[in-house]
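Numbering (the numbering used here), first residue to last: 149 to 428.
The beta carbon of each residue, even a glycine, is placed where N, CA and C say it ideally should be.
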Amino acid sequence: MAYTIKQAFKDAWKYQWEPQAGNKTTRTYALQAVEYFGPDTPVEDIDAARLIDYRGYLAKYKDNLPATINHKISKLRVFQEMALVHGKVRNLPQFPKNLPLKNRKEVIWEQIEVRLCCEYLRKINRSDAARQLVFLCEMGCRPVEMRRQIRADYDLLEGLVRFFKENNDNKTGNRTLPLTPKALKVAEDQISEMKGEIVWPLSDRELHHLVRRALDECGIKKSFIIKSTRHTCATALGMKGCTNLEIASWLGHSSPQMCNRYVHMHKEVHANAYNALVGV
């Protein structure tokens, strides 16, 4: 009887991952692979070609960066180990090497690229997508943080925005940030045109599709169009001399012990990061 990917997951969880601290992301990534290939798929049937297809799926439809893709593929390598140890499988297909990580052009938005894409999106009457792209690049927030925001999370008079997590996010970093001038402008425009309670109703898939269309129309090559907005902000902060602590505070990489349901930090706490982004 074939040793399936579902069995490999159970053995990997029991013997390797469950005892480890911080195993929630590992479990999530492993289950994504189980879902993609199907729980009844024999581990020995996942060859290099199918792995490369999975890589393409993660890059195109999940908008994952190379580091995240490599992390997810590593779960399949563990499944192979479990097959050899517990499944009595003698030979397994060889997997290709990990993806290279250093490719700044692919993972950073240049200002000219943002401008050209926004011009195209406005031309096709999708100013909402243009505003969301600008906001993501300016503030460096996670798309999931934007999707749950309501009008009450914005104080436009004070120029503040609130980001928060939910218990099942496996993320940390509840925070209130000062809006950069560009982010404030697009937030004001977006809120003025709101039809419901949600500020940013576009799904990740729809935003990805629209921005991909704009990139293709402008002749710009970019593989990680949504995730790269966060990297764009982080890189801008780093290049302006912000410390790791300041960047982590701005992006929301705080420890869970430091975060309550909402962390109402006064905007001066983020003054250096804010000034770096707006060129003060």
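Starting from the Cα of residue i, find the closest Cα among the options and give me that residue.
i	options	result
Y184	V233, L332, D201	D201
W398	E354, V309, K208, K343	V309
P329	G307, G235, S371	G307
S351	D188, K210, T189, R198	K210
K333	V237, Q155, L304, R198	L304
V426	M149, G344, L327	L327
P244	L199, S371, F157	L199
R203	L224, K388, G186	L224
T176	F157, Y163, T189	F157
R274	P214, H357, T383, F312	H357
A382	D188, M149, E258	E258
R270	G186, Y163, A362, M149	A362
G186	K313, Q155, T377	Q155
K208	K343, R353, P349, K388	R353
Given residue i, which residues of its chain have a CB within under 8 Å of its CB, disregarding the five upstream and five downstream residues?
i	result
V347	M294, Q297, I298, R299, D301, Y302, A335, Q338, I339
L240	V191, E192, Q228, A231, L232
L355	A277, Q280, L281, P291, I374
L206	N212, T216, I217, K220
A141	This structure does not reach residue 141, given that the chain is present from 149 up to 428, and the question cannot be answered.
E345	I298, R299
Output yes or no for whether 8 Å exceeds the beta carbon distance between residue i and residue j.
i	j	result
C289	A278	no
Y268	E341	no
V182	I221	no
L179	N218	no
Y151	V226	no
Q168	A196	no
Here's a check: name, in chain order, each residue in its chain whose Cβ is nearer than 6 Å to the Cβ of residue i, leaving out the five neighbours to either side.
i	result
E261	I368
W165	N171, T174
I331	It is Ala, not Ile, that sits at residue 331 in the sequence shown. Excluding residues within five positions, the ones whose Cβ falls inside 6 Å are F283, E286, M287.
N423	none
D188	T152
K388	A424
R252	At R252, the pLDDT of 48 sits below 50, so the modelled position is not reliable; the number obtained from the coordinates is stated separately. Excluding residues within five positions, none has a Cβ falling inside 6 Å.
Name the one or two DSSP bridge partners that residue i has.
i	result
D303	L308
T324	R310
P190	T152
I298	I346
Could you give the DSSP three-state label for residue i: helix, strand or coil?
i	result
I346	strand
I256	coil
D159	helix
E341	coil
I217	helix
Y268	helix
Y422	helix
M406	Residue placement at M406 is poorly supported in this model, since its pLDDT is 30, which falls under 50; the coordinates still yield a value, given next. The answer is helix: DSSP assigns M406 an H, G or I state.
E166	coil
K172	helix
P241	coil
G235	coil
H412	Since pLDDT at H412 reaches only 32, below the 50 mark, its modelled position is unreliable, and the value read off the structure follows with that caveat. It is coil, neither helix nor strand.
I395	helix
L385	helix
K370	coil
P248	coil
K111	Missing from the structure shown is residue 111; the chain here goes from 149 to 428 and no further.
N318	Residue confidence is low: N318 scores 48 on pLDDT, short of 50, so the model does not pin down where it sits. No coordinate-derived value is stated.
G204	helix
Y209	coil
D364	helix
Please go through the same chain and pick out, in chain order, the residues whose beta-carbon is closer than 7 Å to the beta-carbon of residue i, but skip the five residues on each side of it.
i	result
D159	M230, H234
V359	C265, A277, L281, I373
P349	none
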